[in-house]
RNA sequence: GCUUGUGUGGUGUAGUUCGGCCCAUCAUGACGGGUUCUCGAUCCGUCGACCCGGGUUCAAAUCCCGGCACGAGCACCA
């Protein structure tokens with residue numbers, strides 16, 4: 004009786020909470036090869052970052068290799084941009100925290116693709132089709148074979164040569180190479196899908212050297228095989244791509260990689276991530292460039308001071324589901340705040356400042372002491388000398404307009420008389436000690452203030468808010484926390500000498 | 001139209017393969033409170049979900065059947 008139940012008890016699996024991403028199917032440590040394959044028609048966006056992070060994360064997890072492949076075989080619709088090759092490499096390295104193991108450019112691998120194409124035509128896996136796109140569309144819908152399908156192998160080889168011949172009869176749109184998958188597939192996307200076509204526009208990398216270019220499904224299929232990619236993880240919009248490629252792999256006798264998918268992602272604040280659309284918007288002057296802080300490009304996020312590790316964590320938390328999702332930036336911002344907070348020194352920034360004049364002859368204090376970071380006293384303190392009487396205090400216009408008393412943080416409770424003098428508006432110190440819950444405001448003594456601008460988005464507009472920044476000697480690139488305002492990064496100096504900051508988030 | 005995928009709190013996510021440990025996890029968010037001389041951080045509390053309808057079963061988020069909703073592909077783009 005006991006023995007009969009024992010096997011049951013052994014098989015009883017305990018449900019454990021999974022940490023991080025699930026295991027990859029059929030993954031042998033040290034043998035996994037993954038790739039991330041963007042089109043270099045612009046820099047990487049937050050959307051791309053999922054591909055970079057998930058793939059490189061698995062590459063590290065299994066001690067495997069990570070390929071960065073530029074899928075730049077379209078010279079017309081999504082024309083590659085030369086600078087984007089460098090941008091993407093930089094974006095990748097920053098985000099993944101390491102360089103790709105292998106970098107490939109499809110345009111530099113053309114001879115491989117054309118050789119395979121020629122061979123596949125000779126083996127009759129593919130044929131040249133001279134129907135127009137519209138004609139074939141009709142045939143595909145009706146599940147009818149096109150006349151070209153009946154051409155002999157020899158004829159196809161001849162037509163293939165004509166496609167490649169720069170002086171030949173075939174022009175752009177005249178002919179295309181199709182994979183002979185069959186017109187009887189229930190899924191219309193799979194019916195004799197196109198593998199290569201003619202493009203006359205020059206390629207920014209290789210110029211006019213080639214006339215026939217592979218389409219994504221063919222280029223990717225051949226390259227993944229050559230590179231011995233073991234796992235493909237990509238958006239589920241490419242599911243039919245997998246099915247098409249599997250048909251080709253079967254003909255060629257190749258083994259298709261394990262494939263996993265994620266769903267479509269939107270971010271509440273940005274919507275989708277269309278590189279092409281951003282390009283248009285930038286050209287139209289709606290944005291100042293690829294690193295405009297309002298854009299969801301990695302360059303913009305990096306400029307604003309986002310932490311790469313926080314972005315990595317963001318995608319790993321979202322996991323590998325095929326659900327279409329829309330996430331708010333607050334989820335990422337929360338992770339980012341945790342990442343940057345401990346290293347962010349506190350500084351005071353007074354936007355749109357007003358000057359309040361205070362008589363300090365009655366008080367004993369000569370300077371004000373504030374922590375660099377309230378949770379980490381070891382980081383030291385900030386000393387603000389009060390200087391000569393009267394003390395000129397800078398506060399933001401918002402705080403100024405109220406008639407009620409205000410407590411200058413870490414200093415004194417004051418009242419503002421709203422009487423203007425030559426030096427500023429008159430105010431009075433009510434007491435130094437904090438005795439009530441008068442609202443606390445941030446401020447600066449004029450001798451600790453330097454001109455500054457804070458670049459931030461307000462109602463869709465990019466605003467350079469003028470103000471005064473606490474004098475400091477932190478280098479550019481330091482993420483700071485502006486008291487009562489949120490995180491920002493020191494970026495540089497304006498022509499007029501003002502310090503420039505870019506807002507990160509609250 | 002054909003093909004294909006997905007439905008768990010406001011937003012994400014774990015659990016679904018192999019039904020019971022799930023009156024359902026964690027994060028984020030909102031709300032309330034403690035602490036703090038920042039609108040930050042931190043601590044405590046509260047809110048809130050298995051798309052719908054049948055079926056199988058002692059037992060269903062999980063299995064079966066049928067709906068519904070939303071997304072994607074059917075480009076000589078990637």
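In this note's numbering, the protein residues as written are 4 to 509.
For glycine and all other residues, C-beta sits at the position ideal for the given N, C-alpha and C.
Rounded C-alpha distance that separates residue i from residue j
i: residue 504; j: residue 477; result: 12 Å
i: residue 16; j: residue 488; result: Bear in mind that a pLDDT of 43 at residue 16, under 50, signals an unreliable position, so the model cannot answer this.
i: residue 344; j: residue 113; result: 48 Å
i: residue 212; j: residue 466; result: 47 Å
i: residue 196; j: residue 223; result: 14 Å
i: residue 265; j: residue 238; result: 5 Å
i: residue 263; j: residue 306; result: 32 Å
i: residue 290; j: residue 164; result: 46 Å
i: residue 41; j: residue 51; result: 8 Å
i: residue 181; j: residue 227; result: 19 Å
i: residue 348; j: residue 201; result: 58 Å
i: residue 191; j: residue 282; result: 33 Å
i: residue 274; j: residue 299; result: 10 Å
i: residue 438; j: residue 61; result: 57 Å
i: residue 3; j: residue 333; result: Not covered by the structure: residue 3. The range shown for the chain is 4 to 509.
i: residue 405; j: residue 449; result: 21 Å
i: residue 141; j: residue 169; result: 30 Å
i: residue 474; j: residue 451; result: 5 Å
i: residue 376; j: residue 382; result: 7 Å
i: residue 59; j: residue 99; result: 7 Å
i: residue 398; j: residue 430; result: 12 Å
i: residue 385; j: residue 373; result: 5 Å
Opposing strand residues paired with residue i [DSSP bridges]
i: residue 503; result: 456, 495
i: residue 51; result: Answer is none; residue 51 lacks a bridge partner.
i: residue 200; result: 179, 216
i: residue 130; result: 181
i: residue 43; result: Answer is none; residue 43 lacks a bridge partner.
i: residue 157; result: DSSP output for residue 157 lists no bridge partner at all.
i: residue 73; result: 108
i: residue 483; result: 491
i: residue 470; result: 354, 455
i: residue 264; result: 237
i: residue 121; result: Looking at the DSSP assignment, residue 121 forms no beta bridge with any residue, so it has no partner.
i: residue 338; result: Paired residue(s): none; residue 338 is not in a bridge.
Nearest candidate by alpha-carbon position, reference residue i, set the options
i: residue 361; options: 205, 352, 392, 256; result: 392
i: residue 556; options: 142, 454, 162, 31; result: Only positions 4 to 509 of the chain appear in this structure, which leaves residue 556 out of reach.
i: residue 85; options: 26, 417, 475, 206; result: 206
i: residue 214; options: 447, 78, 312, 336; result: 78
i: residue 184; options: 155, 451, 174, 198; result: 198
i: residue 2; options: 176, 36, 129, 103; result: The structure shown does not extend to residue 2, since the chain spans only 4 to 509, so no value can be given for it.
i: residue 235; options: 462, 469, 509, 38; result: 38
i: residue 353; options: 302, 372, 502; result: 502
i: residue 434; options: 425, 422, 418; result: 418
i: residue 75; options: 110, 258, 286; result: 110
Residue i: CB within 7 Å of a non-hydrogen atom of the ligand PLP
i: residue 374; result: Annotation note on the ligand PLP: not contained in the displayed structure, which lists no ligands.
Contact under 8 Å by Cβ, residue i with residue j
i: residue 230; j: residue 91; result: no
i: residue 204; j: residue 131; result: no
i: residue 225; j: residue 108; result: no
i: residue 491; j: residue 507; result: yes
i: residue 456; j: residue 401; result: no
i: residue 358; j: residue 428; result: yes
i: residue 366; j: residue 268; result: no
i: residue 194; j: residue 152; result: no
i: residue 146; j: residue 187; result: yes
i: residue 68; j: residue 36; result: yes
Contact the region 406-417 vs the region 443-455: 3+ CB pairs below 8 Å: Yes, the region 406-417 is in contact with the region 443-455.
Segment contact flag, the region 313-324 with the region 22-37, C-beta cutoff 8 Å, min 3 pairs: yes
Given 8 Å, three or more beta-carbon pairs between the region 242-255 and the region 306-315: no
At least 3 beta-carbon pairs within less than 8 Å: the region 272-292 vs the region 43-58: yes
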